[in-house]
Amino acid sequence: MGKILSMNQAIERFVNDGDCVALGTALEPLIPFSAGHEIIRQGKRDLTLIGPISDILFDQMVGAGCVSKMVMAWAGNVIMGVGYSLRRAVEKGIPRGIEIEDLTNFSICLALNAGAMGIPFFPTKTLLGTDMFQSNSRIKEMVCPYTGERLALVPALVPDVAIIHAQRADEEGNTHLWGSIGVSKEACLASDRVIVSVEEIVEREVIVSDPNRTLIPGFLVSGVVHEPWGAHPSAVQGYYDRDHEHYMRYHKETRTEKGFARWLDQWILSVQDRSKYIDKIGVGELQRFRVARSHEAMPVEYGY
Amino acid sequence: MGKILSMNQAIERFVNDGDCVALGTALEPLIPFSAGHEIIRQGKRDLTLIGPISDILFDQMVGAGCVSKMVMAWAGNVIMGVGYSLRRAVEKGIPRGIEIEDLTNFSICLALNAGAMGIPFFPTKTLLGTDMFQSNSRIKEMVCPYTGERLALVPALVPDVAIIHAQRADEEGNTHLWGSIGVSKEACLASDRVIVSVEEIVEREVIVSDPNRTLIPGFLVSGVVHEPWGAHPSAVQGYYDRDHEHYMRYHKETRTEKGFARWLDQWILSVQDRSKYIDKIGVGELQRFRVARSHEAMPVEYGY
Amino acid sequence: MTDYTKSELMVVAGAREIKDGELVFVGMRLPLLAFQLAKATHAPNAQGVFENGVLRDRPAGKPLFTMGDAPCIEGAVWATTMLDIMTLLQKGRVDLGFIGGAEIDRYGNLNTTYIGGRERAEVRLPGSGGGSDIASLAGRLVIVMNHERRRFVERVSYITSPGYGEGGGWRERTGLKGGGPVAVITTLGVLRFDPETKEMFLDSLHPGASLGEVKDVTGWPLRVGAELRETPPPTRKELEIIRKYDPNGFWTNR
Amino acid sequence: MTDYTKSELMVVAGAREIKDGELVFVGMRLPLLAFQLAKATHAPNAQGVFENGVLRDRPAGKPLFTMGDAPCIEGAVWATTMLDIMTLLQKGRVDLGFIGGAEIDRYGNLNTTYIGGRERAEVRLPGSGGGSDIASLAGRLVIVMNHERRRFVERVSYITSPGYGEGGGWRERTGLKGGGPVAVITTLGVLRFDPETKEMFLDSLHPGASLGEVKDVTGWPLRVGAELRETPPPTRKELEIIRKYDPNGFWTNR
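Protein sequence lines correspond, in order, to chains A, B, C and D. Here my numbering = 1-based position in the first sequence + 125. Here my numbering = 1-based position in the second sequence + 125. Here my numbering = 1-based position in the third sequence + 447. Here my numbering = 1-based position in the fourth sequence + 447.
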């Protein structure tokens, strides 16, 4: 019971200025847009964002001035290319300069997995020969004591907080997530705190009916937020598909600093919470993204 | 189509004398007893067995003289303690001496995971201060280049073949496994070849209805064997529970070399295949282990 | 007074080591019963992890022989890979672990691999399993074993699961993360470790056991705690709970 | 002759790089279309992996904008973690990978991070994503990009995704596992690499493109293959298939 919070409460309680925050760990789907928007509204500052492919949520948080550093493989607008806020920040220091630690999709997985596993680094065959060694001073090289080959070392990432959006959780935070998983499990296991927002809060019985489906157990979860449409405009498998046009409009409308300010006000600052956001888009409009062609998983028997 | 084989064919085709074979990777359940018995019947020799907790299948294979080496964390009879064949082999060289590379449950996971990931070793905080460094010359130590702490290094294990038993697969070898997973995924991803025996061969549609449930995709699977009761006396979640008394009898009856020879003849050598094994136990008798209290996973929607 | 077996007393002593809300690396046999007992009494919010990949917050619906039995997975909150569970240990998330042992020494080092050392190998035992990992990485460790002369030795011939090595400071020098053993629950008493020297001492005697008997079957001059207590015997309610989870006395030798 | 866009021709050229039965690291945009086209024509048994954790052996039921769109997961044979998929690459199980790039040099090194180098950073691009991993670890690499003077440079200012570094032997010295680039499919032609020197050369010209034009927009003295061919144009059937998967021409600029 004690873990069920509003998004406002969850962000207030578990995200502090200066925190390292892992977000968007399922890649293009299940991006916790609602949580990111609340972070912007609460004016959190000096965050380090951690995520593989962040899509436009990172761009929005950078543009809003919440971010001092990013540890990432790719940042922008997945279907449109660049994110203009990110470019303004790096190239012109608008609204502030940010530091970037460049990694690749694989090495960011390894860094979070090292954090999840409680080891200081991960050896790998990726990164070798790249200039990531220039733009990320934490990567090292070693000679393998077994094979003599060259290995890159990726140091562990231990975020202060991971925020994920998932399909369903119970009141203790035991969470079922399906579809695109990305690096969500590793991010949650690595982090000191985890915030989960979900489409549905379900009875414990739903979760324990399928323990292999559990992404993370509740004992690792600090706060659970019931947030239908919490990932819009990204997709939630089995609930709604991606709103591609939203990303296209974002690209077009945030090309300039002024355009971004307008967008920020219209879609984030002037919107009190996710339920108001839904009202603004229109429930009818959103129904377009709902499941039209059902495809249920075949039965699985756990009995004895 | 081409991947569906009898157990006899699968073992003949994909297990060679001298191979490293990973078995029993789901721990106490889903042990591929049928495959192990066929290996014994075909008289495979000089195998290296790899597995965390092998239960009595490793003991049987050692007693039958198939094994020259074991890489393992624990070997014996899980509910009864020691395995007498293993003791006779190590202590007296009966039927032959075997080499043992001692690891722990965690470090054997790491070794297989390194193999799965294509890296030469895994750094870890386990093993430090143990005499495993004496009895496994492949473990090394290093000082962490990030933290200065002591780390143990576990070298990768790359089995020639992994053999798993699972609930269901399609004709291409796309495999659903649920319940106790153990280190099965890592073992399959690490190995050059994979043999899967299953309770049921299902249509492709069953597998793709729940792609998060897939343990390994068919492109990694060399042979698929339809082998109902293939894990008896171990358990298969949702199909049958463990036959504990079988393990108790094995313990009692294989205390002596002669007793083991009798058991070997009675339950393995004189039994042509798994269907004959089922006949021998009696289909009626086996029904005792069937699911009496159903507990199905709650529905999951993948549609769009 | 209710009749009970030594194993039942050991289960009760084990249960008392578990605090409410803790994450416990359970294992099978007596520790599993101890965990189930603790949950049914003073630690309802304790959660148990099993090395095959399972996390449970409620007892299984049927007595278990192995952690992989179908009832141990049915109704679990998480059934993941062995690697995920073991890394919870390495990450420092496991408060308490239980293990058994064949041979133990003055500093709580355990041998479950080779009796007589590896080269001479008088007896080959099953090996570490997850025991060594739990001993190395759990926040606190509780050891459960029979108190016999051949088992309590001055120095184990092979360290499978590290205790305090050669004494105070050894774990830190060795780079071990977990806290090390806090209790050894035997058939005769409960032993603990000196905070400085890390040497084992007798903290409580089980009802019916004598100090002389304990010293006789301990292979080094055993120290005794400042206040040697008697281990509180199981209550009727505790026994009822234990017998519910071990109805035929398979693990508790009833 | 059927009308087609340059992008459609590039898709066709990409599809031809895929052999039947291969495991292909697909990515999005033109490479995804190339993969779908290959499967529908000469490579029905090719399978595609996507870095979010998905393995598909059949096309998705709907055109995709991102690999995480619900139709890309629905009907997949495997939807696992990103880590599992990326380790397939590192393990050497991926035959072929596709990537794009903003800037490329004579030895096939790609920059998608900082134009002008990191310190001066005239332009910050989105970064590697999985591109660098694919370039480093896939068995063969195919690069798809626009042929423009500002993109084809003597030496990239930042190596995001390694090609052949400084030429022959560099990948081996650097410890890279994958085979490196085999083709660069541009808006003007298909370029390949000398087996010894690993320098890029022009292997075929797209219909309508001239050698002079290609040389003009290439920032180093470009070598030309022994037999400069014309890239075969798309067939009607190929175009039909491409347009089925990109019905509005979002990716192929129709």
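Beta carbons: idealized from backbone N, C-alpha and C, even for Gly.
Could you name the residues that DSSP lists as bridge partners for residue i?
i, result
"His301(A)", "Arg293(A), Thr339(A)"
"Trp199(B)", "Ile178(B)"
"Gly544(D)", "Phe472(D), Leu588(D)"
"Tyr365(A)", "Val361(A), Arg415(A)"
"Leu638(D)", "Val631(D), Leu649(D)"
"Lys194(A)", "Thr173(A), Glu224(A)"
"Leu278(A)", "Pro248(A), Lys265(A)"
With 8 Å as the threshold, decide whether the Cβ of residue i is near any Cβ in chain C.
i, result
"Ile178(B)", "yes"
"Phe385(A)", "no"
"Phe447(A)", "What the structure shows of chain A is the stretch from 126 to 429, and residue 447(A) is not part of that stretch, so it cannot be assessed."
"Glu370(B)", "no"
"Thr339(A)", "yes"
"Asn133(A)", "no"
So, helix, strand or coil for residue i, using DSSP?
i, result
"Lys383(B)", "helix"
"Met448(D)", "Low local confidence applies: a pLDDT of 49 at Met448(D) is under 50, so the model's placement there is unreliable, with the coordinate-based value given in what follows. DSSP places Met448(D) in coil when its eight states are reduced to three."
"Gly188(B)", "helix"
"His351(B)", "strand"
"Ile532(C)", "helix"
"Trp617(C)", "helix"
"Phe697(D)", "coil"
"Pro671(C)", "This sequence places Val at residue 671(C); Pro is not what is there. Strand, per DSSP."
"Met569(D)", "The question names Met, but residue 569(D) in the sequence shown is Glu. Glu569(D) falls in the coil class under three-state DSSP."
"Glu550(C)", "strand"
"Arg676(C)", "strand"
"Ala422(A)", "coil"
"Ile606(C)", "coil"
"Phe512(C)", "coil"
First and last residue of the beta strand (DSSP E) that includes residue i?
i, result
"Ala241(A)", "Counting along the chain, Ala241(A) falls outside any beta strand (DSSP E), though it belongs to the alpha helix (DSSP H) covering 230 to 242."
"Glu226(A)", "224 to 227"
"Ile136(A)", "Where Ile136(A) is concerned, there is no enclosing beta strand (DSSP E), although the alpha helix (DSSP H) it sits in stretches over 132 to 139."
"Lys427(D)", "What is shown of chain D runs 448 to 701, which leaves residue 427(D) out entirely."
"Leu148(A)", "145 to 148"
"Phe497(C)", "494 to 497"
"Leu502(C)", "501 to 503"
"Ser322(A)", "318 to 326"
Under 8 Å, Cβ to Cβ, is there at least one residue of chain B near residue i?
i, result
"Asp285(A)", "no"
"Gln483(D)", "no"
"Lys466(D)", "no"
"Glu421(A)", "yes"
"Met267(A)", "yes"
"Val524(C)", "no"
"Ile551(C)", "no"
"Lys250(A)", "yes"
Does any residue of chain D bring its CB to less than 8 Å from the CB of residue i?
i, result
"Ala160(B)", "no"
"Ala291(B)", "no"
"Arg415(B)", "no"
"Pro280(A)", "no"
In the DSSP assignment, the alpha helix (DSSP H) including residue i goes from what residue to what residue?
i, result
"Phe158(B)", "158 to 166"
"Phe258(A)", "257 to 260"
"Glu330(A)", "329 to 333"
Chain A beta carbons: is any one of them nearer than 8 Å to that of residue i?
i, result
"Val501(D)", "yes"
"Ile606(D)", "yes"
"Ile689(C)", "no"
Counting pairs of beta carbons, one from the region 263 to 270 of chain B and one from the region 145 to 165 of chain B, are three or more of them closer than 8 Å?
Too few Cβ pairs lie closer than 8 Å, so no.
Quick one: any contact between the region 290 to 300 of chain B and the region 374 to 391 of chain A, if contact means 3 or more CB pairs under 8 Å?
The region 290 to 300 of chain B, when compared against the region 374 to 391 of chain A, does not touch it at the 8 Å Cβ threshold.
Can we say the region 670 to 682 of chain C touches the region 648 to 659 of chain C, given the rule of at least three CB pairs closer than 8 Å?
Output reads yes: the region 648 to 659 of chain C touches the region 670 to 682 of chain C.
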